[in-house]
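Below you'll find the structure, written out as structure tokens, and then a few comments.
Chains as they are written, first to last, in the numbering used here: chain A, 1 to 523; chain B, 1 to 534.
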């Protein structure tokens, strides 16, 4: 027998399938691990990140019912009719797109947290740059060449990848499905994620099919090279075994996102000790025709949201059925939201802040934050200003889900950020003080509109307090107050209008975990 | 899916088909170490015959010799200053010779990377493998240099002439103990390899006998080295009896000779060996495996090997004519053979450096830095399993002779990840010595090889057609475009905008937007198994 055939046959014995296409790619020198003993560590926390590529239109996803008339005025050609908006139990001010019944049910079951207006200062409107900012966790004008999850995993596995896998960490630290390696899991030296680099290869692995090669000598050698490449990936056998061990799952809808989430569910249940899973769903760049004019509840964006909502609902139901929902949460994000005002081609252009979903049994159900204010008159360039820096959401996950120490949080995010009460305090045994979000108004100003000066009064509960002036695009124009108060009460600030062009501005107050945004008008 | 290697029914007729980038690259991949874009463009304007002629036209001028790159406060070379050549200075100082051998290997890599548009470097590697000397066996760097210079100078010349020179080359005399071969204690080492490897060979049941080995050894007795490492013939050590060979050699007798005439027996022995057609067949098979593919069935034997061997004999063992026949043949350009060769580590590393036009410091004016960076490449080659001019045994690298796997032997679960790590590293950090850095410049690279890097479809097509020799599925190309260059966006203009934004305003952030995506894309392509083929 040719040695090659021996390799091929023995490979077939070890794992009954060959990966087609490109192998899952991990750069290490270790032999294949024994796949006989898959770990089942029920305490390991898992985060599933769903990236919505393209910039999701937040205002048609989570609809500000309390602002409905201005909302309708700003985007009449795509506005969702008020009577079609899905209601949220216990929250009349905010509703969901009619196609999102799945998430509506999750919300009503207390398993969905809607974080309002998540973004960052000085928003960047380039897909690439803003995606990099979200993935790296950098400031808008800062370049970080590592990812936030990469720094988390590196913090816990400082020597990676040398001598990995280990007995305690026998599995990929992170797995990225349906997309090539991204910045999110880039560590200081290598990417910490095992990337299912060729989307078909992963399904080939799971399904046991093989990719074709041409009928030439080149094809002959290619199949040899692929068989060796498969041998070099020590994780393949564990992934395959984990996937195979799960026999029964709920029915998932038939779409690209659901098929990725279905595999994630199997891998988690199958015992992989992988901490972070990333899946990707694209097409949210809806510059035109995002809704059908004759029925704005239908169209491209409606279809995207249906896929998103149904897929998450199926996944969450699977988590429950597989009895692993205690240790899994999910988060959606998009590189930015879209403009408040729709354009004439029935779409929306690149915007800034947008809502973000956290789901899972251990997230705190509810709407976190206020509806974005929508002015009566909206210019084409007006944007939803951010209430929550996306890194405060990351920080909350680090602290309250992965139970990372305060020091490590700062290292991972490169700066200190507040923690928001988004996750059940019991997970990390933390003592969450401020469990409810105050809906009371924290900023008043008079006169409004103003020309030369307006007096701002803002309420603080003490502690670190930040008052910023943002323009319509969300860019910080002025830092008005940054102070640490040792008392609770009202404070004031006189804002002078000289140097400010006329238009809509936002006052943004951040006091510890409380955030409040109020629009004002300069005449 | 192909279950076995296949052979082409086409023979040695001159190729008449299309002469496009695919064929040009195929020829250059096999005759150079990888191809630069400018090389492909240059030979595209020629005909296949012109291209082959030009590649076989090896210059008579030789590269300037290796230099002292090793003098430090701890390593003193009394005769050769830093930056000067040591090739004329024999020494028995083990420390110096250790450093000189490294210097030789670093220099060798510099010649490969800086090769001109001819077959010399690629063919010299073939002959080095053919004669299979090891630096440890030769031991003296001056002799190592001399030995390989014989191969370099004669690479497309006359094989008989080359073999005669090698037979009494001081390096070879040391390598296979020829210098210890005396009438009282004959050493058969060279006599055996002379027949088994350098001439008639043993593939296909060659019938020379064990006695023929002993007899040939006796004919070769008397050669030794003088105090200056020159080969001399010492009649006192020569066996003057007659040497009679087996029926395989038609019972030829070499009449024993005395005095200086004893040396003529070496020529008579070679004359006898060159009468055997097996010699030409053996050499032609080896050349075919090196330049085309390892798989030789009856069809290849009849269509290629036999006519090529006949031409070798008819041309009195001139090498150039048979390489010309082979490299311009319709057999060579059959699509069956395009991209079917697994790159050797030297092909992989040197080819990579040339494809990306990685610029090293000047080896003559900046010897220490340049040689240090070439040493990084040397370490890569060693880790991938090919320590240059140090094959694992006298037969050379198993990847060139070991049936049935041949060049598949380069690839295993240890070496394949190392190849991927190397290309990853050259994209991420590269190597630095005294502020001189060698690494991939993604922007310059795509500008060089793509007709329109602003268009993601064109860019990906251009990258694949330049970097790999296999067909890549449209699905994968689309996936790579969307996942990497467009970061999941649907519209091509997002890449176009990012590229144009960088060209217009090359800020750090604009650079990084483009550079990180290009790096990911290039890493992906070079981590494909396809990149291991040429």
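For glycine and all other residues, C-beta sits at the position ideal for the given N, C-alpha and C.
This structure is a prediction, so every number in the text was calculated from the model and none was measured.
Quick one: residues in its chain with C-beta nearer than 6 Å to the C-beta of residue i, no 5 flanking neighbours on either side, listed in chain order?
| i | result |
| --- | --- |
| residue 92/B | none |
| residue 339/B | 469, 470 and 533 |
| residue 375/B | 106 |
| residue 186/A | 146, 147 and 150 |
| residue 488/A | 461 and 462 |
| residue 159/B | 317 and 319 |
| residue 71/B | 77 and 82 |
| residue 450/B | 459 and 462 |
| residue 14/B | 328 |
| residue 55/B | 31, 118 and 119 |
| residue 170/B | 143, 225, 229 and 231 |
Name the chain B residues that come within less than 7 Å of residue i, Cβ to Cβ?
| i | result |
| --- | --- |
| residue 212/A | 1 |
Taking just the CA atoms, how far does residue j sit from residue i?
| i | j | result |
| --- | --- | --- |
| residue 41/A | residue 236/A | Any reading at residue 41/A must be qualified, since the residue scores a pLDDT of 34, below 50, and its modelled position is unreliable; the value itself is stated next. Roughly 20 Å separates the two Cα atoms. |
| residue 101/B | residue 364/B | 18 Å |
| residue 12/B | residue 329/B | 5 Å |
| residue 68/A | residue 82/A | 7 Å |
| residue 472/B | residue 116/B | 30 Å |
| residue 252/A | residue 103/A | 15 Å |
| residue 434/A | residue 512/A | Confidence is the limiting factor: at residue 434/A the pLDDT is only 43, short of 50, which leaves the residue's position unreliable and the question unanswerable from this model. |
| residue 220/A | residue 233/B | 52 Å |
| residue 365/A | residue 448/B | 55 Å |
| residue 416/B | residue 257/B | 55 Å |
| residue 454/B | residue 509/B | 18 Å |
| residue 244/B | residue 286/B | 29 Å |
| residue 385/A | residue 284/A | 20 Å |
| residue 267/B | residue 336/B | 42 Å |
| residue 75/A | residue 343/A | 8 Å |
| residue 358/B | residue 39/B | 15 Å |
| residue 105/A | residue 322/A | 19 Å |
For residue i, return the contacting residues in chain A, with the cut-off set at a CB-CB distance below 7 Å.
| i | result |
| --- | --- |
| residue 336/B | 216 and 217 |
| residue 498/B | 128 |
| residue 532/B | 225 |
| residue 416/B | 228, 229 and 232 |
Under 8 Å Cβ to Cβ from residue i, same chain only, skipping five residues before and after it: list those, please.
| i | result |
| --- | --- |
| residue 494/A | 453, 454, 455 and 456 |
| residue 63/A | 71, 80, 85, 94, 95, 96 and 97 |
| residue 396/A | 419, 420, 421, 422 and 423 |
Whose C-beta lies closer than 7 Å to the C-beta of residue i among residues of the same chain, with five residues either side of it excluded?
| i | result |
| --- | --- |
| residue 238/B | 183, 221, 222 and 262 |
| residue 163/B | 198 and 270 |
| residue 361/A | 111, 325 and 326 |
| residue 57/B | 118 |
| residue 497/A | 450, 451, 452, 453 and 522 |
| residue 222/A | 213 |
Assuming the contact rule is C-beta atoms closer than 8 Å, residue i and residue j should be a hit. Round their C-beta distance to whole Å, please.
| i | j | result |
| --- | --- | --- |
| residue 50/A | residue 328/A | About 13 Å; that fails the 8 Å criterion. |
| residue 117/A | residue 387/A | 4 Å |
| residue 155/A | residue 406/A | Not confirmed; about 13 Å, so no contact. |
| residue 193/A | residue 212/A | At roughly 28 Å, the Cβ-Cβ gap does not stay under 8 Å, so residue 193/A and residue 212/A are not in contact. |
Under 9 Å between beta-carbons, which chain B residues line up against residue i? List them in chain order, please.
| i | result |
| --- | --- |
| residue 74/A | Within chain B, no residue comes near residue 74/A; the closest Cβ sits about 25 Å away, beyond 9 Å. |
| residue 280/A | 483 and 488 |
Starting from the beta carbon of residue i, find every residue of chain A whose beta carbon is closer than 8 Å, and list them in chain order.
| i | result |
| --- | --- |
| residue 471/B | 214 |
| residue 215/B | Here the premise fails: no neighbours, minimum Cβ distance about 37 Å. |
Cβ closer than 9 Å: which chain A residues qualify as neighbours of residue i?
| i | result |
| --- | --- |
| residue 40/B | Ordered by position in chain A, no residue passes the 9 Å Cβ test against residue 40/B, which lies about 19 Å from the chain. |
Run through chain B and tell me which residues come within less than 8 Å of residue i, C-beta to C-beta.
| i | result |
| --- | --- |
| residue 120/A | Under the 8 Å cutoff, chain B gives no residues; its nearest Cβ is about 15 Å from residue 120/A. |
| residue 54/A | 488, 489 and 490 |
3 or more residues per run - each beta strand (DSSP E) lying fully within the stretch 69-149 of chain A = 86-88, 91-96 and 112-119
Along the stretch 135-159 of chain A, what residues have a CB closer than 7 Å to any CB found in chain E?
-> Looking for chain E here will not work: the only protein chains present are A and B.
In the stretch 399-426 of chain B, which residue ranges form an unbroken alpha helix (DSSP H) of at least 4 residues, counting only runs that do not cross its ends?
-> none
What are the start and end residues of each continuous alpha helix (DSSP H) run of 4 or more residues lying completely inside the stretch 306-365 of chain B, in chain order?
-> 306-314, 319-327 and 345-355
With a floor of 3 residues, list each beta strand (DSSP E) that falls wholly inside the stretch 15-44 of chain B, ordered by position along the chain.
-> none
Going along the chain, which unbroken runs of the beta strand (DSSP E) with 3 or more residues stay wholly within the stretch 218-291 of chain A?
-> 276-281
Go through the stretch 325-383 of chain A residue by residue and report every complete run of the beta strand (DSSP E) that reaches 3 residues or more, in order.
-> 328-334, 354-359 and 366-368
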